[in-house]
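Residue numbers (the numbering used here), protein chains in the order written: chain F, 34 to 145; chain A, 822 to 936.
To start, the structure under review is shown below, and the notes come after it.
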């Protein structure tokens, strides 16, 4: 049973607009969350993370928001650029856990 | 980029044959992981290692075995490949120094086709 869910398999957005990717989790022991980006024929690369002691973390155009009560996090990309077209994976782990649980991924396409 | 090399990058094999995939790291990280990526499933953990000769199962370990005889090498073996093991396999590494899961760094992947 998947503990991390990305319910939108794909997202299409116009260049310059905001991309919002959503992720839900079911395990209340998760306290560290990460987003990875993956281009075709390459391995996933780390994008941004957030600890459960925060509700927001920013890094340039990328912001992750965490709503612990709803067990929900989102990734905002502003403004979206053509190079942002990729698959984005949400991942989570609990304390004392050296494993990550991944969502199924969301494919983002940025239209010119 | 983290120093992770996966070999081979592509492999086609026949059902019933043994296959070994190799992951080599130059970062001296303690933790190493094998994942498979399939449409609709994202990345699923097969096995992981927390030190030389120390390994444990992930969520989809049936049909796979692993070995780690040196810090830098983590091998994934399919003893008798089946068509359901056609997938893209990723190796990842992590320092394991924070007392919990750190950021994991991934290799470029191995595309395996079992005919």
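Every residue, glycine too, gets a C-beta built ideally from N, C-alpha and C.
Computed from a prediction, not measured in an experiment: that's the story for all the values here.
Of the other Cβ atoms in all chains shown, 16 or more fall within 10 Å of the Cβ of residue 110(F); this residue is therefore buried. When the alpha-carbon of residue 63(F) is set against those of 114(F), 141(F), 139(F), 104(F), the nearest one is in 104(F).
In chain order, 69, 71, 75, 76, 77, 78, 79 make up the part of chain F whose C-beta sits under 9 Å from the C-beta of residue 927(A). Under the Cβ criterion (8 Å, minimum of three pairs), the region 35-43 of chain F does not count as touching the region 78-91 of chain F. When the beta-carbon positions are compared, residue 126(F) and residue 36(F) stay at least 7 Å from each other. Proximity of residue 862(A) to chain F, defined by a Cβ-Cβ separation below 7 Å, is satisfied.
Taking 7 Å as the threshold, the shortest C-beta distance from residue 910(A) to chain F does not fall below it. Using a CB distance below 7 Å, the part of the region 122-137 of chain F facing chain A consists of 122, 126, 128, 129, 130, 131, 132, 133, 135, 136, 137, ordered along the chain.
Bridge pairing for residue 91(F): 96(F) [DSSP].
When 8 Å is used as the limit between beta carbons, residue 65(F) is near these residues of chain A: 921, 922, in chain order. Residue state for residue 113(F) is assigned as coil, using DSSP reduced to three classes. Counting along the chain, residue 834(A) sits inside the beta strand (DSSP E) bounded by residues 831-834.
Residue nearest to residue 71(F) within the set 936(A), 853(A), 867(A), 930(A) is 930(A) (criterion: CA-CA distance). When Cβ-Cβ separations below 7 Å define contact, residue 930(A) makes contact with chain F.
A direct Cα-to-Cα measurement between residue 899(A) and residue 874(A) gives close to 18 Å. Along the region 82-116 of chain F, the positions whose C-beta sits under 8 Å from a C-beta of chain A are 82, read in chain order. When only Cα atoms are considered, residue 142(F) and residue 890(A) end up about 42 Å apart.
Around residue 885(A), no beta-carbon contact reaches into chain F at under 7 Å, the shortest distance being about 16 Å. Here DSSP, grouped into helix, strand and coil, assigns residue 39(F) to coil.
Using a Cβ-Cβ cut-off of 7 Å, residue 896(A) does not count as an interface residue toward chain F, since no Cβ of chain F sits closer than that to its own.
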